[in-house]
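Asker: Position one of the sequence shown corresponds to residue 1 (UniProt numbering), numbered consecutively onward.
By construction, the Cβ of each residue, glycine as well, lies at the ideal position given by its N, Cα and C atoms.
Remember, it's a predicted structure, so these values are computed and weren't measured experimentally.
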Amino acid sequence: MLLAKDLPKSLWAEAVNTAVYVLNRSGPSGTEEKTPYELFTGRSAHIEKFHIFDEIEEQSDTLHDKPLPDSSKEIEAESAGASAKPVESSTRELRDRSTLKLPVRYAEVNLLEVDAPRSYNEAIQSAEKAHWQEAMQEEMTSLKKNLTWILVKLPAGRKPITNRWVYRIKRKTDGEISRYKARLVVRGFSQREGLDYNETFSPVGRFDTIRLVLSIAANEHLELAQFDVKTAFLNGVIEEEIYMMPPEGFDDNSGRVCKLQKSLYGLKQSPRCWNLRFKQVLLDFKLNESTADPCLFYRNT
């Protein structure tokens with residue numbers, strides 16, 4: 001509906017509500033020849049109230065179209081007479097805004113107003129420039145330590161994919177800033193199927209499996225442990241030959257590009273690369289992969 005009427009995305013909630021409203025009052029329920037609204041309320045839907053989405057319906061002001069009663073005329077006359085009295089001027093003192101101080105109770109709210117930059121240029125031009133440069137350097141150090149890429153000359157006929165910096169401000173529970181974080185993300189939409197990637201499928205654990213594990217643990221009075229792999233996708237090994245432009249702010253002007261050795265966030269095959277790497281590690285620990293759920297591994301004891 002938004003596309004048909006060339007409306008902004010900010011009206012998506014209204015479009016969804018309109019679609020649900022219309023479907024409930026016009027679509028079949030699947031059980032009887034009645035609409036869902038009729039089955040739920042027992043009343044028929046008034047389709048005469050429907051109108052075209054984004055159409056502005058003019059309504060007459062019925063309140064002022066009606067003649068005023070005599071009592072209202074008397075009040076109106078009194079109001080008109082009262083308005084003839086002179087209005088006394090205010091003697092309130094005006095204060096200089098530059099001398100006003102923010103109350104202590106608003107300090108946390110003021111901290112929350114600091115937004116993360118949306119681009120590299122915005123980051124290096126912000127008041128927190130030093131923090132963002134430090135965060136980007138930390139990310140680059142981590143990527144180099146992980147041997148994520150090597151710098152090479154771009155082969156003829158190949159086109160490097162692009163990337164961007166994603167910035168995030170992490171805060172404590174009281175709203176105080178705890179860390180400035182920068183992550184390098186590949187623009188996956190610039191990848192070409194069959195050249196930059198082939199397969200992208202990666203399995204996801206079934207809810208039935210999770211419920212089964214929880215049930216067994218509860219029944220046997222066992223303790224469950226969980227952990228998180230930091231920057232998991234960066235551990236996947238790239239099988240395809242992918243070239244990427246150097247990150248903004250870290251180009252050595254040598255004309256070389258980054259030939260990826262490990263996966264990066266944003267690559268279409270990153271989930272698959274991480275799953276294959278994680279699976280191999282578990283198999284090396286002599287765990288068996290379940291035939292019912294590829295995300296379940298077990299060991300016979």
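Closest to R164 by C-alpha separation, out of R256, F201, G249, would be which residue?
Answerer: Closest option to R164, Cα to Cα, is G249.
Asker: Counting Cβ pairs, one atom from each stretch, are 3 or more of them under 8 angstroms apart for the region 178-191 and the region 212-223?
Answerer: Contact fails: fewer than three Cβ-Cβ distances are below 8 angstroms.
Asker: The alpha helix (DSSP H) that contains I124, what's its start and end?
Answerer: It spans 120-124 - the alpha helix (DSSP H) in which I124 sits, taken as one unbroken run.
Asker: What is the DSSP secondary structure of V204, counted as helix, strand or coil?
Answerer: Correct three-state label for V204: coil.
Asker: Look at the alpha carbon of L11 and the alpha carbon of A116, and state the distance between them as a whole number of angstroms.
Answerer: Computed Cα separation, rounded: 25 angstroms.
Asker: Which class does I75 belong to by DSSP, given the choice of helix, strand or coil?
Answerer: Per-residue confidence for I75 stands at a pLDDT of 49, beneath the threshold of 50, marking its modelled position as unreliable; the derived number appears in the next sentence. In the structure shown, I75 sits in a helix (DSSP, three-state: H, G or I).
Asker: Quick one: grab the DSSP three-state call for I238.
Answerer: Correct three-state label for I238: coil.
Asker: Taking 8 angstroms as the cut-off, decide whether the C-beta atoms of R183 and Y265 are in contact.
Answerer: Against a cut-off of 8 angstroms, the Cβ pair of Y265 and R183 comes out as a contact.
Asker: Which term fits S270, buried or exposed, when burial requires 16 or more other beta carbons within 10 angstroms of its beta carbon?
Answerer: Buried, by the Cβ-count rule.
Asker: Would D196 be called buried (16 or more neighbouring beta carbons within 10 Å of its own) or exposed?
Answerer: Buried: at least 16 other Cβ atoms inside 10 Å.
Asker: V152 bridges to which residues according to DSSP?
Answerer: Bridge partners of V152: V257.
Asker: Answer yes or no: do L234 and K262 have a C-beta to C-beta separation smaller than 8 angstroms?
Answerer: Their beta carbons are under 8 angstroms apart, which means L234 touches K262 by this criterion.
Asker: Could you have a look at L2 and say whether DSSP puts it in helix, strand or coil?
Answerer: L2: helix per DSSP, three-state reduction.
Asker: Helix, strand or coil: how does DSSP classify V281 here?
Answerer: In this structure, V281 counts as helix in the three-state DSSP scheme.
Asker: Can you give me the C-alpha to C-alpha distance between T231 and L276, rounded to a whole angstrom?
Answerer: Distance between the alpha carbons of T231 and L276: 15 angstroms.
Asker: Do the CB positions of E289 and F278 come within less than 8 angstroms of each other?
Answerer: No, Cβ-Cβ distance for E289 and F278 is not below 8 angstroms.
Asker: Assuming L7 is part of the alpha helix (DSSP H), what are its boundary residues?
Answerer: Counting along the chain, L7 falls outside any alpha helix (DSSP H), and DSSP gives it neither H nor E.
Asker: Sort out for me which residues DSSP pairs T39 with in a bridge.
Answerer: At residue 39 the sequence reads Leu, which differs from the Thr that was named. None; L39 has no bridge partner.
Asker: Decide if E78 is buried, meaning its Cβ has at least 16 other Cβ atoms within 10 Å, or exposed.
Answerer: Note that E78 has pLDDT 49, beneath the 50 cutoff, so the model's placement of it is unreliable and no number is given.
Asker: Could you check if V186 is buried or exposed, using at least 16 other CB atoms within 10 Å of its CB as the buried criterion?
Answerer: Looking at its Cβ environment, which holds 16 or more other Cβ atoms inside 10 Å, V186 is buried.
Asker: Determine the contact status of Y243 and P294, defining contact as a CB-CB distance below 8 angstroms.
Answerer: Contact flag unset, no.
Asker: Looking only at its chain, what residues have a beta carbon closer than 6 angstroms to the beta carbon of L283, apart from the 5 residues adjacent to it on each side?
Answerer: Cβ within range, chain order: n/a, list empty.
Asker: With a Cβ-Cβ cutoff of 8 angstroms, do R25 and T18 count as a contact?
Answerer: Cβ atoms of R25 and T18: not closer than 8 angstroms.
Asker: Would you mind stating whether V257 and P246 have Cβ atoms separated by less than 8 angstroms?
Answerer: A contact, by the Cβ cut-off of 8 angstroms.
Asker: Can you tell me the Cβ-Cβ gap for M1 and A13, rounded? I've got them flagged as a contact below 8 angstroms.
Answerer: Between A13 and M1 the Cβ distance is about 12 angstroms, and since that is not below 8 angstroms, they are no contact.
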